[in-house]
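First up is the structure itself, then whatever we jot down about it.
Numbering (our numbering), first residue to last: 1 to 118.
As structure tokens, then:
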């Protein structure tokens, strides 16, 4: 389970990514330094309640969302999608190979039967 600092850092970075803003832009919006934002995102600083409210407002979210684990990050979804597609491709490939073996075996068996009938 993620710590509160990890959740906070992740959610700030993720929301900045979604909004397309830099640490500098966020810092400017809440009247603090870029270094301070970086330290929060690196889990080295813990902002005050007042600062959390200012960060949330600047990120256009409710303060509680800074600690939310409801959303799955886009990168995680992309990895999951790629893994599922790879598994599906492998499963299809295995089924095709198995069916081809069955066809080859049945044809070979038919050829043997035909030869023995003569």
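Backbone N, C-alpha and C fix where the C-beta goes; we use that ideal spot for every residue, glycine too.
Presumed contact (8 angstroms Cβ cut-off) between residue 6 and residue 43, rounded CB distance: 6 angstroms
Opening and closing residue of the alpha helix (DSSP H) in which residue 8 lies: Per DSSP, the continuous alpha helix (DSSP H) segment holding residue 8 begins and ends at 4 to 19.
Rounded to whole angstroms, what's the CA-CA distance from residue 61 to residue 78? Just pull it up for me. The alpha-carbon atoms of residue 61 and residue 78 are separated by roughly 24 angstroms.
When DSSP labels each residue in this structure, what does residue 44 get in the three-state scheme? For residue 44, the three-state secondary structure derived from DSSP is coil.
From residue 33 to residue 48, what does the alpha carbon distance come to, in whole angstroms? 15 angstroms
Just mark residue 11 as buried or exposed, buried being the case when its beta carbon has 16 or more other beta carbons within 10 Å. Residue burial annotation: residue 11 is buried, with at least 16 other C-beta atoms found within 10 angstroms of its C-beta.
Indicate whether residue 9 and residue 53 have their beta-carbon atoms separated by less than 8 angstroms. no
Is it true that the CB of residue 66 sits closer than 8 angstroms to the CB of residue 58? no
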